[in-house]
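A.B. asks: Here the working numbering is used: the first residue of the sequence shown is 973, the next is one more, and so on.
Glycine residues also receive a C-beta, built at the ideal position from the N, C-alpha and C atoms.
All values reported here derive from a predicted model rather than from experimental measurement.
Have a look at the structure that comes next, please.
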Amino acid sequence: MVILITSDPNKTAVINTKMISLASRSTHIFLITILIVIAGFLRIYKIATVPPGLNQDETAIGYNAYSILVTGRDEWGEKYPLYFKSFGDYKLPIYIYITSLFVKIFGLNEYAVRLPSAVAGTVAVPLLFLLTNLLTRKISLSFFSALLLAITPWHIQFSRSGFEVNFALTAAMLGVFLFILSVTKKNSFLLISSLMAFSICLYSYNQTRLLSPLLLVSVIALNKKKLIAMEPKKLLFALIVFTITLLPFFLSFFSGEGIFSAKSALISSLDTKAKVIELRSYANLLPDLYLKLFYNKYINIAFQYFQNLALLFSGEFFFVKGSPHPNQGIGNAGLLYLFQLPLFIIGVVIFLKNRRKELSVFGLWFLVSIFVLALSKEVPHATRGYFMVIPLTVFSASGLLYIADIIIRRLESDKLRVLILLGAASFIFFNIQFYFISYYFRFPRTSARAWGTVDKDLSLFLSSVNSRYEKIIIDNETTFIYTTFL
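Printed below as a string of C-alpha cells:
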C-alpha cells in the first residue's frame, strides 16, 4: 500500500480510499475469475456425453429450435408461438428461441441444446457472489456462497442439461441483483433492465410464471423506501415498459395453451378432482350437506397443500438420495451434499436469531420457493423446487463460516482445533469426491436407458435405411423418443 503524505490531511485520506478501492476491486475480479473457471469447467466438461444422451424434453427443445430457425414454425406448424405444444405440455418460449441461436452456430446436436443452460449456470455463480456482496458487503460469505453453488450437485446437474428452469433461475438472480443495484444508485436504466430480467424469467418455465412476480414483489417490499425515493417519471416509464412485455402473457394465460401448461398445479390438476370423487364414493352414506362441506374441491386442495408443505422437508430427498426421477438425479447422491444439512440449519438459526436484515432477500426467496412448490401436485420435486437452491446455498455458506469462526478463533486447544478441522475437511472432501465420481463415471452407465443413450444411434441407422422400406414400425415398449428421429 502506498501512502502519499501532503500538507492537506483530507487529500491524503482521499488517496488512501482510492487505493483501498482499487485493491478491493482487484480482489473481486480475482475471486470472480476463479469462480467462473471452476463453474465453467464443471458445467461444460463432457457436456455432450454426460448425461449420456438427450432426454425427451431436450430432444423436443432441440427439434423445435431447429424448426423455428429454418421455417419460423414449431413442430405443429405454429408460427413463432408463445407456447410450444411439444408433447402436449406447452413449453414456455425463451429457452427454445435462445437454443435456436446455438443451433445456428453449432448445428443440431447435444452442444446446441445444452450450452444455453451451461452458460446460464456458469453465469449464476459469479452473479451470486455479486448479489451477496451487494447485500452484505461480506466478501467471505459472498465467495463461499458462490463457490458452494459452483460445486452443488443440484445446480451442476441442471446446468449440464437443457433445463428451462435453470435459465429462468439465472434470469431471476439477475433481476434481483439489478433491482437492488438500481434503487441503491437511483438508476432507471438498471431498474428497467431488472424488470426485463424478471420478464425473461416469467417466459422461461411454467412454474416461474408465479415465482417471478412473487420474487419481484418480495424485493419491492424490502426496498420500497429506496424505490419511492426515485424520480416518479422514471418509475412510471419503467412500469409501462414492464407492462408491455407482460401483455402477451396476460392475453394468452387464459387460453387453452396457457391453462393447459399449468396442469401440474393443485388447483388445475385432474388428480385433485379425482380424489374428491373417490372420497365421496367411500362416504356416500353420509348426509349431502356434510359431503359438500368436507368433501369438496377447495377443502381437498387446502389439505393437500399442507401435506405438501410437510413433505417438502425431506432430508432424504435433498441430502441423501435425491430425486427418484432419473432425469433429475443420479440415484446414489442427494441434490445437496450431506455436510450442508447441519450448515443450513445453523445458517437459518443465525439468520432468525440475529435478525440479519441483509439476508432477508434470501429468506423471502426461500419462503416464496416453498409456497410455489407446495402448489404442485408432486412434492418434493427437483425441477419445480429448483429455485430453493439459492437460499439453501447461501444459508449453508453462512453456517459454514459461523462454525469455522468458532473452531479457528474460539477454541483454545490447538490440538483440538486441528483435529476438528481435519475431521470436518475429510468429511467434506469425501462428500464432494463421492458425488463427482458418481456423476461423471457411474451415472452415465446406470442411467443410459433413461436418458435414451441409444436413441441417437438408432435414429441415424433408421435414416440410413429409410429409403429401403415403405413403413418402419417402432414398438412403444422401446421408449424411443420420436423427436430424436425428427
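Report all residues from its chain with a CB closer than 7 Å to the CB of Val-1351; omit the five preceding and five following residues, and keep chain order.
C.D. replies: Your numbering for residue 1351 matches position 379 in the sequence shown. These residues qualify, in order along the chain: Asn-1280, Leu-1283, Leu-1284 and Leu-1345.
A.B. asks: When you compare each of Phe-1135, Lys-1349 and Phe-1311 to Thr-1071 by their alpha carbons, which one comes out closest?
C.D. replies: Counting from one through the sequence shown, the residue named residue 1071 turns up at place 99. Here the closest residue by C-alpha is Phe-1135.
A.B. asks: Leu-1251 and Tyr-1277: beta carbons closer than 8 Å?
C.D. replies: Within the sequence shown, residue 1251 is the residue found at index 279, counting from 1. Within the sequence shown, residue 1277 is the residue found at index 305, counting from 1. Going by C-beta atoms, Leu-1251 is not nearer than 8 Å to Tyr-1277.
A.B. asks: I need the straight-line Cα distance from Lys-1076 to Tyr-1035, nearest angstrom please.
C.D. replies: Indexing the sequence shown from 1 puts residue 1076 at position 104. Indexing the sequence shown from 1 puts residue 1035 at position 63. Taking the straight line joining both Cα atoms gives about 12 Å.
A.B. asks: If we call anything under 8 Å between Cβ atoms a contact, is Phe-1290 one with Leu-1308?
C.D. replies: Locating residue 1290 in the sequence shown gives position 318, where the first residue counts as 1. Locating residue 1308 in the sequence shown gives position 336, where the first residue counts as 1. Yes.
A.B. asks: Under 8 Å between C-beta atoms, does Phe-1343 make it to chain C?
C.D. replies: Note that chain C does not occur in the displayed structure, where there is just one protein chain.
A.B. asks: Let me make sure I understand the geometry here. Which of Ser-1184, Asn-1299 and Tyr-1254 has the alpha-carbon closest to that of Phe-1221?
C.D. replies: Walking along the sequence shown from the start, residue 1221 turns up at place 249. Residue Ser-1184 is the option with its Cα nearest to Phe-1221.
A.B. asks: What three-state label does DSSP hand Ile-987 in the structure shown?
C.D. replies: For the purposes of this step, residue 987 is taken as residue 15 along the sequence shown, with counting starting at 1. With a pLDDT of only 47 at Ile-987, under 50, the local geometry of the prediction cannot be trusted, and the value read off the model is given with reservation. Reduced to three states, the DSSP call for Ile-987 is helix.
A.B. asks: Locate the alpha helix (DSSP H) running through Val-1355, then write down its first and last residues.
C.D. replies: For this step, residue 1355 is matched to residue 383 along the sequence shown. Position check: residue 1355 holds Thr in this sequence, whereas Val was assumed. Counting along the chain, Thr-1355 falls outside any alpha helix (DSSP H), and DSSP gives it neither H nor E.
A.B. asks: Nearest by alpha-carbon distance to Pro-1098: which of Leu-1162, Leu-1113 and Phe-1214 is it?
C.D. replies: Position 126 of the sequence shown holds residue 1098. Among Leu-1162, Leu-1113 and Phe-1214, the Cα nearest to that of Pro-1098 is on Leu-1113.
A.B. asks: Indicate the three-state DSSP secondary structure (helix, strand or coil) for Val-974 in the structure shown.
C.D. replies: If you number the sequence shown from 1, residue 974 lands on position 2. The predicted position of Val-974 is uncertain, since its pLDDT is 45 and thus under 50; no value can be drawn from it.
A.B. asks: Using alpha carbons as the reference points, say which of Ser-1133, Leu-1119 and Thr-1124 lies closest to Ser-1472.
C.D. replies: In the structure as shown, the chain begins at 973 and stops at 1458. Residue 1472 is therefore absent and cannot be evaluated.
A.B. asks: According to DSSP, Phe-1056 sits in a beta bridge with which residue or residues?
C.D. replies: To locate residue 1056, count along the sequence shown from 1; it is residue 84. Per DSSP, Lys-1063.
A.B. asks: Rounded to a whole number of angstroms, what is the C-alpha to C-alpha distance between Leu-1041 and Ser-996?
C.D. replies: The residue you call residue 1041 lines up with position 69 of the sequence shown. The residue you call residue 996 lines up with position 24 of the sequence shown. Their backbone Cα atoms lie some 45 Å apart in a straight line.
A.B. asks: Got a sec? Which residues, its chain only, sit under 7 Å from Ile-1318 by beta carbon, not counting five neighbours each side?
C.D. replies: Translated into the one-based positions of the sequence shown, residue 1318 becomes position 346. If we look at Ile-1318 and ignore the five residues flanking it on each side, its Cβ neighbours are Gly-1371, Tyr-1374 and Ile-1375.
A.B. asks: Per the DSSP calculation, Arg-1045 is bridged to which residue(s)?
C.D. replies: Walking along the sequence shown from the start, residue 1045 turns up at place 73. For Arg-1045, which the question treats as bridged, DSSP gives the partners Lys-1051.
A.B. asks: Looking only at C-alpha atoms, which of Leu-1187, Asn-1438, Ser-1385 and Lys-1018 sits nearest to Val-1148?
C.D. replies: Locating residue 1148 in the sequence shown gives position 176, where the first residue counts as 1. Looking at the Cα atoms, Leu-1187 is the closest of the given residues.
A.B. asks: Assess contact between the segment 1318 to 1331 and the segment 1411 to 1427, defined as three or more Cβ pairs (one per stretch) separated by less than 8 Å. Is contact present?
C.D. replies: No, because fewer than three Cβ pairs between the segment 1318 to 1331 and the segment 1411 to 1427 fall closer than 8 Å, the two stretches do not touch.
A.B. asks: Which value, in whole angstroms, describes the spacing of the CA atoms of Leu-1162 and Asn-1272?
C.D. replies: Locating residue 1162 in the sequence shown gives position 190, where the first residue counts as 1. Locating residue 1272 in the sequence shown gives position 300, where the first residue counts as 1. Distance between the alpha carbons of Leu-1162 and Asn-1272 is about 44 Å.
A.B. asks: The alpha helix (DSSP H) that contains Thr-1104, what's its start and end?
C.D. replies: Counting from one through the sequence shown, the residue named residue 1104 turns up at place 132. Thr-1104 -> alpha helix (DSSP H) spans 1082 to 1108.
A.B. asks: Run through DSSP, which three-state label would Ala-1255 get?
C.D. replies: Working through the sequence shown from its first residue, we reach residue 1255 at position 283. It is coil, neither helix nor strand.
A.B. asks: Could you give the C-beta distance for Phe-1406 and Ala-1305, rounded to a whole number, given that I count them as a contact under 8 Å?
C.D. replies: Locating residue 1406 in the sequence shown gives position 434, counting from the first residue. Locating residue 1305 in the sequence shown gives position 333, counting from the first residue. The pair is a contact, with the Cβ atoms about 7 Å apart (cut-off 8 Å).
A.B. asks: Taking only the alpha-carbon atoms, compute the straight-line gap between Tyr-1412 and Val-1366 and give it to the nearest angstrom.
C.D. replies: For the purposes of this step, residue 1412 is taken as the residue at position 440 of the sequence shown. For the purposes of this step, residue 1366 is taken as the residue at position 394 of the sequence shown. Taking the straight line joining both Cα atoms gives about 26 Å.
A.B. asks: Nearest CA to the CA of Pro-1363: which residue from Gln-1129, Trp-1337 and Ala-1397?
C.D. replies: Taking the sequence shown and counting its residues from 1, one reaches residue 1363 at position 391. Among Gln-1129, Trp-1337 and Ala-1397, the Cα nearest to that of Pro-1363 belongs to Trp-1337.
A.B. asks: Looking only at its own chain, which residues have a Cβ that is under 6 Å from the Cβ of Ile-1008, when we skip the five neighbours before and after it?
C.D. replies: To locate residue 1008, count along the sequence shown from 1; it is residue 36. For Ile-1008, where only same-chain residues beyond five positions count, the Cβ hits under 6 Å are Pro-1098.
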